[in-house]
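All remarks here apply to the structure that follows.
2 protein chains.
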Amino acid sequence: MADLLDREVAQRYASWFRALADPSRVQIVAYLARQARPMAVGEIVAAVGLAQSTVSQHLKILAEVRFVLAEPVGNARHYRINDNCITCFPSAADVVMGKPAPAVAEVCS
Amino acid sequence: MADLLDREVAQRYASWFRALADPSRVQIVAYLARQARPMAVGEIVAAVGLAQSTVSQHLKILAEVRFVLAEPVGNARHYRINDNCITCFPSAADVVMGKPAPAVAEVCS
DNA sequence: GACTTCCATCGCCGATCGGCGATTAACGAT
DNA sequence: ATCGTTAATCGCCGATCGGCGATGGAAGTC
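Residue numbers (our numbering), protein chains in the order written: chain A, 1 to 109; chain B, 1 to 109.
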């Protein structure tokens with residue numbers, strides 16, 4: 001029981017993985033990660049081909065774990081990838097798979 | 001729409017993330033990844049402190065995506081981490097976060 | 001054979017999920 | 001003030017999840 005991953009850490013990582021537990025959300029995050037500029041919701045809707053309300057709900061889930069960040073632009077809202085997650089999320093995957101924690105970065109703010 | 005991640009790839013990755021979308025399963029995988037030898041179900045039950053049926057169900061989910069492998073040993077069943085996942089799962093996290101696919105390893109058999 | 005041990009499976013429960021259409025709210029333009 | 005436009009929220013649905021106790025089956029022990 002000594003080398004059992006701390007429950008709070010496990011819970012945080014699980015919340016990250018749960019945010020990507022849906023193929024549409026995986027596509028949205030990967031899509032935003034590949035864009036140079038922040039994208040409006042309508043553009044994401046066009047890209048993934050789901051209803052606007054559905055995409056909005058997915059974006060809310062992704063924003064709650066701060067995988068994506070939003071900024072209001074006039075009438076619209078632009079979403080972009082959170083650069084901190086680009087490094088800290090894969091490192092979480094490393095930790096789960098047994099590699100020693102790579103220094104800091106545990107919390108991607 | 002061009003740089004939208006392929007749906008099938010997104011689905012496979014989502015199934016991996018969904019397998020770790022629960023803190024108990026994160027603990028189980030991390031636990032097995034840190035063990036030198038395969039562990040019996042009873043040992044895992046003792047480590048995580050859940051009912052035996054619950055742990056067995058979690059192990060089934062983890063085995064379905066081949067994060068863990070099982071081998072019968074006499075009366076018992078020993079579970080161990082799938083070494084292929086140690087590299088291929090974090091690389092999936094990299095792909096989602098926009099890093100170019102690191103060569104092969106896409107499928108951790 | 002009878003008995004124990006180990007684990008998978010079943011059935012049940014409340015809770016959460018993923019999808020959608022409809023509505024509401026905020027903003028820009030006229 | 002009245003329109004469009006954009007996006008968040010609401011309410012509903014069926015489906016899945018996570019937990020448990022109980023049952024069942026396979027392998028070891030006596």
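For every residue, glycine included, the Cβ atom is placed at its ideal position computed from N, Cα and C.
Contacts around residue i, its chain only, beta-carbon distance under 8 Å, and the 5 residues preceding and following it disregarded
i	result
residue 65 of chain A	15, 16 and 19
residue 33 of chain B	81 and 86
residue 22 of chain A	58
Enclosing alpha helix (DSSP H) for residue i [first to last residue]
i	result
residue 18 of chain B	7–19
residue 83 of chain A	83–96
residue 23 of chain A	23–33
Simplified DSSP assignment, three categories, for residue i
i	result
residue 50 of chain B	coil
residue 65 of chain A	coil
residue 72 of chain B	strand
Other residues of its chain near residue i: CB distance less than 7 Å, five sequence neighbours each side excluded
i	result
residue 50 of chain B	24
residue 62 of chain A	19, 25, 28, 29 and 68
residue 37 of chain B	none
Residues that residue i bridges to, as DSSP identifies them
i	result
residue 58 of chain B	The partner list for residue 58 of chain B (beta bridge, DSSP) is empty, contrary to what the question assumes.
residue 77 of chain A	A/72
residue 40 of chain A	A/78
Residues near residue i by beta carbon distance below 6 Å, same chain, minus five either side
i	result
residue 97 of chain B	none
residue 52 of chain A	45
residue 12 of chain B	none
residue 71 of chain A	78
residue 31 of chain B	47
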